[in-house]
Every structure is written in C-alpha cells, then in structure tokens.
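A.B. asks: Sharing a structure here in structure tokens format.
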Amino acid sequence: MAITAPERSIGTVAMRWHGDRLDLLDQRLLPGEEHWIASEGPSGVAQCITDMVVRGAPAIGISAAYGVALAARHAGTGDWRAEVAHAIDELARSRPTAVNLFWALERMKRVFEACDSLDTAITRLAREAEQIHAEDLAANLAMADHALDVIQAKGPVSVLTHCNTGALATGGYGTALGVIRRLHEKGLLARVFADETRPWLQGSRLTAWELSRDGIPVTLNADGAAAAIMASGKVQWVIVGADRITANGDVANKIGTYSLAVLARFHGIRFMVVAPSSTVDMSLASGADIPIEERPGSEVRAIRGIALAP
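To convert, count from 1 in the sequence shown and add 24; that's the numbering used here.
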C-alpha cells in the first residue's frame, strides 16, 4: 500500500481508518515486509494490540478507540449496548502498562454511555475515535516545538534514543522521534544513535527504518554500547518516550530506559522524556504502583522462531 504525500509530512503511518474497518501496519514484519492487517471488529484490534502488530502507547490508545467504534458499527440488532461494553472490556485486557489505552477507552465509554440509539453510537463513537487520533498528532507537533525551546541548540546536536517513538508508535510524527524529526527539519540535528532495543528490536527494526526512510542520519548501536557512546562525548541529549508517567513524575517505558537515565546522569548528559498528557496517570502516586507487563520468555529466547538460547 503506497504512502501518500500527506502521510510523508508526518512520517510513516501505523494505521488507516476506513469507517468500517481499521488497517494496521504489521510492525512485527518490519523492515523486511510492509504488510497491512485489516480489522473489522474489536476482537481483531485487541489481538493486534496483544500481539504487537501495533505498539507504542499513543498508537495503542488510538487503535483501541477505533476498535470501540468498530464494535458499534458491526453490532447486531439485539443487545448492542452489551456488545459494545464487552468490546471495551476486551480491549482493556490487551496490554496492561500503557495508560493511553485506558485513557482512550474511558473517553469512548463516556460517549457510548450517552448514546440513546445504535445509529447515534455509530456516528458519535467514530467521531470520538477520529478526534483522539487528531489530538494525538496535534500534541506531537506541539511537543516538538516546545522541546526545541527547551533544548535551545546553538548548532547541530546528536541524540541517543531508545525503542521506537515515531509515527509508527503514535497518531503521526512521533513523541521523542518527533522532537528528533523537528531538530532535523531545523538543521539542528547532527546524528541519531538508536539503541537496538532488545528483545523486540524496535530500535533496529523500526526506528532505524523510519529515520532512514525519512532521510534522517542514524547510527544503530547495541544496547550495551550506550555507555561507551555517552562516555565518548558523541551525544548531547538522550530523548525517550513513555508508557506511563505517575503523579510524582516517575516514568515507565521500554525496558532499558532506566539504565539510560542512570548512565546519562553519570555522564552529565541531558535526559528528556517526551509524552502527551494522555500518558500521565495522576491516579498513581509513584512508579511502584504501575502494573508492569511480563511477556513470554520465548521473546527473549528466540527471534521470529529462531532459537537464540535453550
């Protein structure tokens, strides 16, 4: 499926909404293959979230919102309210850590509960999902501008980043990668160092691919090389995204982010977390309260079915 001109301006898109179905770019197959999975109901969307067809906290939330809209669109003539309510519960179980998922579902639930007919629900839920998507893109563009004011670069800077926080992980443009994209647009980016990000290799498979596709200079490095890169003086900023931020400012993000924060502090390198307000969870006092997803051990022992360990 070809990338359109408007999409190029905001980066490679992770999803396309068609009103009666949601197409998701299967990020598990990148960079080798660009394959889109069509979901016509909430169960398909929930499975795509669980299986990491789509990933990145903002993109998960947006996809779930579209999943609720699909539940109404394809509801039967019987108890449509029960069908939509079940879809919301099913989508909520898909991934536990990214608070954007629950934030988006709560918004959709409020709209759903105010609808007095199925026809109204179909229209209003689709409109709300589209609004959530549009708001995320607008937030990414605004965060990129704000970050430039914080960085105050006098000349080109080099940035180290972790996982994937670009258009693939959001409604477009990106959070941390959106800042990097804006630095590049302004001629203020020397180079990006992208951690490979074990075990799913989002840095090598997605970030390096996304940046290369957009002509942004990137060097892929092993996760364990981050300390040496910082010690060499090659980077001035570490910029990452977040899955959840608690009331005291604690951040949960892709495994390995904590190590980068400690290393950056040791080497005196500025550290920036870029995330929309939908990632902030004021109901949790600190990071100790965040439910951390524990995924299958097979994801560490093998890559795409090829065993790396017994």
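Every residue, glycine too, gets a C-beta built ideally from N, C-alpha and C. These numbers come from a predicted model, not from an experiment.
1) Of all the options 213, 326, 152, which has the alpha carbon lying nearest to the alpha carbon of residue 335?
2) If you check the beta carbons only, do residue 240 and residue 216 fall under 8 Å apart?
3) Are residue 277 and residue 264 closer than 8 Å when you measure CB to CB?
4) Please classify residue 126: is it buried, with 16 or more other beta-carbons within 10 angstroms of its beta-carbon, or exposed?
5) Mapping the DSSP letters down to three states, classify residue 254 as helix, strand or coil.
6) In whole angstroms, what is the alpha-carbon distance linking residue 150 and residue 41?
7) Pull up the distance between the alpha-carbon of residue 146 and that of residue 136, whole angstroms please.
8) Taking just the CA atoms, how far does residue 65 sit from residue 101?
9) Report the three-state DSSP secondary structure of residue 305 (helix, strand or coil).
10) Entirely within the segment 221-299 and at least 4 residues each: give me those alpha helix (DSSP H) ranges in chain order.
11) Can you tell me where the beta strand (DSSP E) with residue 61 in it begins and where it stops?
12) Could you round the C-beta distance between residue 73 and residue 84 to whole angstroms and report it? I think they count as a contact, below 8 Å.
13) Note the first and the last residue of the continuous alpha helix (DSSP H) segment covering residue 131.
14) With a Cβ-Cβ cutoff of 8 Å, do residue 50 and residue 61 count as a contact?
15) Report all residues from its chain with a CB closer than 8 Å to the CB of residue 169; omit the five preceding and five following residues, and keep chain order.
16) Report the rounded CA-to-CA distance for residue 337 versus residue 162, giving the unit in angstroms.
17) Taking only the alpha-carbon atoms, compute the straight-line gap between residue 148 and residue 98 and give it to the nearest angstrom.
18) Buried or exposed: which applies to residue 179, given that a residue is buried once 16 or more other Cβ atoms fall within 10 Å of its Cβ?
19) Looking only at its chain, what residues have a beta carbon closer than 7 Å to the beta carbon of residue 304, apart from the 5 residues adjacent to it on each side?
20) In the DSSP assignment, find the alpha helix (DSSP H) that holds residue 69 and state where it starts and stops.
21) Given residue 139, which residues of its chain have a CB within under 7 Å of its CB, disregarding the five upstream and five downstream residues?
22) Compare the Cα-Cα distances from residue 117 to each of 289, 314, 88 and report the closest residue.
23) Return yes when the Cβ of residue 229 is within less than 8 Å of the Cβ of residue 82, no when it is not.
24) If residue 259 and residue 266 are in contact, beta carbons under 8 Å, what's the gap, nearest whole angstrom?
25) Taking the alpha-carbon of residue 197 as reference, which of 224, 46, 167 has the nearest alpha-carbon?
26) Alpha carbon to alpha carbon, what distance is there between residue 280 and residue 343?
27) Taking only the alpha-carbon atoms, compute the straight-line gap between residue 298 and residue 249 and give it to the nearest angstrom.
28) For residue 324, count neighbouring Cβ atoms within 10 angstroms of its own Cβ and tell me buried if that reaches 16, exposed if not.
C.D. replies: Answer, in terms of the structure:
1) Any question about residue 335 goes unanswered here, given that the chain covers just 25 to 334.
2) yes
3) yes
4) When all chains shown are included, residue 126 counts as buried.
5) Looking at residue 254 - three-state DSSP - the assignment turns out to be helix.
6) Residue 150 and residue 41 have their alpha carbons spaced roughly 10 Å apart.
7) 9 Å
8) 16 Å
9) strand
10) 232-237, 250-255, 281-291
11) 60-63
12) 6 Å
13) DSSP places residue 131 inside the alpha helix (DSSP H), whose first and last residues are 123-137.
14) yes
15) 206
16) Outside the displayed range of the chain (25 to 334) lies residue 337, so it cannot be described from this structure.
17) 14 Å
18) Counting the other CB atoms within 10 Å of its CB gives residue 179 a total below 16, which places it among the exposed residues.
19) 269
20) 66-74
21) 145, 148
22) 88
23) no
24) About 20 Å separates the two Cβ atoms, so there is no contact after all.
25) 167
26) Residue 343 falls outside the range modelled here, since the chain spans only 25 to 334, and no answer is possible.
27) 23 Å
28) exposed
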